[in-house]
Every structure is written in C-alpha cells, then in structure tokens.
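Student: In this note's numbering, the protein residues as written are 1 to 254.
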C-alpha cells in the first residue's frame, strides 16, 4: 500500500469518526416539508389561568431552491403579533426576518422590522456525549416599535442541547429532546428608563411535531406554555369569524 493511499485511508477514518461523534436532531424541529399547506399550533399557558391560548401558524415554503419556515403568531384576540421567517440549512435553522406587529393610536395594525444580530434558532447537530456539547445557539434581535419610538428592545436567547425526554401529545408518547435556555429582554427608554430582566428555562421538541413546551422563569415570574391542539388555518379563521363577525385579522398578515 502506497504512502499516499495510507494517508487517504487514515484521513477517511478520522473524518468518519468525527461525524459519528455528532447526532442529527433535525427530525425534532417543525416538519417543514410536511407543512406545505400550513398548520396552526395552539399553545396554552400552564401557570396563569387569566392568560388565554396563543396560536402559531407554521407553513413551509420552497423558494429559489431553498427551504423556509414562516411562523406567524397570533394573540388570544387572534391579532397578529409576530412574523418570523427561518431558513432551513444543512447545519440548522437560521432566522432571516422578524416582524413585530403593534397597534397605533387609531387602532390600525403596524409592523416593525427587527435587526437580527445573531440568527441561530435551532441546531441540527449535537455531540453524542451530551455533557461534551458546548454548542450554544445564540439568537438576538433589536428593534424600536413604530408605536413607541423612544423605546429600544433587545431580545436574546441562548439555547443548548440538554437531553432526551418524552412528550405527551393527545394521550400519545412521542420521543422528544430538551433544550436549555437562558436569555434577556432589555428595554431602553429615554423617558421611562431601562430594564433588563433575565430568565432561565427550557424548550421541549417532539419528533415529527416541533415545539411542544416552553418554560421561562424571570426571577419568579414564570411563562409556561404547552402545545394543546393543532388544526388548519381555516379553523383559525372560523374562530376569528366567531369572535369578530365577518371580518377577521387571522391569516391577514404578510
């Protein structure tokens, strides 16, 4: 065996061993290719009976040979709250656009485009030895709402893989993973002053489903939501029609 051939075999072995140290967890994210017709995810608060269900409309899009996931969130009154566009890459999910909706003094919905400082949303590869995984996914956006020009918001999420777990959905067990989270929501306001609450928490993603649970603890103030239903946009529009009559905002964001 020639020297160069031996080097090639050695390199192949090393590369193969390196790949085997990585685990692919992409199947635990939202099933983007199966969401070509869109699906609404309903998340219900677990710790606050006074807070109502919120809705995420997720739709997968093939654009210019690239795969995207657009998620529009709606509040309990079915008004659009945010629109996030994510690109699905070989290494993970990266955020491409974030729009934040608010209501001006006339009651009209207006949107603000956030600056994306760090775009990592979800990793596709983690270390098989979970204790060795140091891959922290950093997501950070910065924006000043059109309706509050003196305020500047900066939202930061740090995600890291934790462990395997089980998620219960409609009485059935799904294999799932848990991501640990830390973060900060800072608000700088020339009039009201500055605040920078931090949090610790976690997210649970079920295989073939996506996000099923989110928990954040802001020094005792807890935001805890679980997936309680999934249905079509037509059903969400029907809910909006029941709430508002013939006109509705659900499905009307861009």
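Even glycine gets a Cβ: it sits at the ideal position worked out from N, Cα and C.
Just so we're clear, the structure is a prediction, and the values are computed from it rather than from any experiment.
Determine the extent of the beta strand (DSSP E) in which residue 46 is found, giving its start and end residues.
Tutor: Within the chain shown, numbered from 1, the residue matching residue 46 stands at position 46. Where residue 46 is concerned, there is no enclosing beta strand (DSSP E), given that its DSSP letter is neither H nor E.
Student: Drop a sphere of 10 angstroms on the beta-carbon of residue 172, count the other beta-carbons inside from all chains shown, and report buried for 16 or more, exposed for fewer.
Tutor: Start at 1 with the first residue of the chain shown, and residue 172 comes out as number 172. Looking at its Cβ environment, which holds fewer than 16 other Cβ atoms inside 10 Å, residue 172 is exposed.
Student: If you scan the stretch 192 to 224 from start to end, which runs of the beta strand (DSSP E) of 3 or more residues do you find wholly inside it?
Tutor: Complete beta strand (DSSP E) runs here, min 3: 193 to 195, 198 to 206 and 210 to 218.
Student: Name the residue from 168, 148 and 138 whose alpha carbon lies nearest to the alpha carbon of residue 159.
Tutor: For the purposes of this step, residue 159 is taken as residue 159 along the chain shown, with counting starting at 1. Per the Cα distances, 138.
Student: Got a sec, what are the start and stop residues for the alpha helix (DSSP H) residue 67 sits in?
Tutor: Locating residue 67 in the chain shown gives position 67, counting from the first residue. Careful: residue 67 lies outside any alpha helix (DSSP H), inside the beta strand (DSSP E) at 66 to 74.
Student: For a quick check, are the C-beta atoms of residue 185 and residue 155 less than 8 Å apart?
Tutor: Start at 1 with the first residue of the chain shown, and residue 185 comes out as number 185. Start at 1 with the first residue of the chain shown, and residue 155 comes out as number 155. Cβ distance < 8 Å, so residue 185 and residue 155 count as in contact.
Student: Report, in whole angstroms, the separation of the C-beta atoms of residue 53 and residue 41, which I expect to be a contact under 8 Å.
Tutor: In the chain shown, the residue the question calls residue 53 occupies position 53. In the chain shown, the residue the question calls residue 41 occupies position 41. Between residue 41 and residue 53 the Cβ distance is about 10 Å, and since that is not below 8 Å, they are no contact.
Student: Excluding the 5 residues preceding and the 5 following residue 162 in the sequence, name in chain order all residues of the same chain whose CB lies nearer than 8 Å to its CB.
Tutor: The count along the chain shown starts at 1 and reaches residue 162 at position 162. Only 130, 177, 178, 179, 180 and 202 meet the Cβ criterion.
Student: Taking its Cβ as the centre, do 16 or more other Cβ atoms sit within 10 Å of residue 93, making it buried, or is it exposed?
Tutor: Numbered from its first residue, the chain shown carries residue 93 at position 93. Buried: at least 16 other Cβ atoms inside 10 Å.
Student: Quick one: does residue 58 have its CB under 8 Å from some CB of chain D?
Tutor: Any reference to chain D falls outside this structure, which holds one protein chain only.
Student: Quick check on residue 78: does DSSP put it in helix, strand or coil?
Tutor: Residue mapping note: residue 78 aligns to position 78 of the chain shown, counting from 1. Of the three classes helix, strand and coil, the one that applies to residue 78 here is coil, per DSSP.
Student: State the beta-bridge partners of residue 180 as determined by DSSP.
Tutor: Your numbering for residue 180 matches position 180 in the chain shown. The partner list for residue 180 (beta bridge, DSSP) reads 160 and 202.
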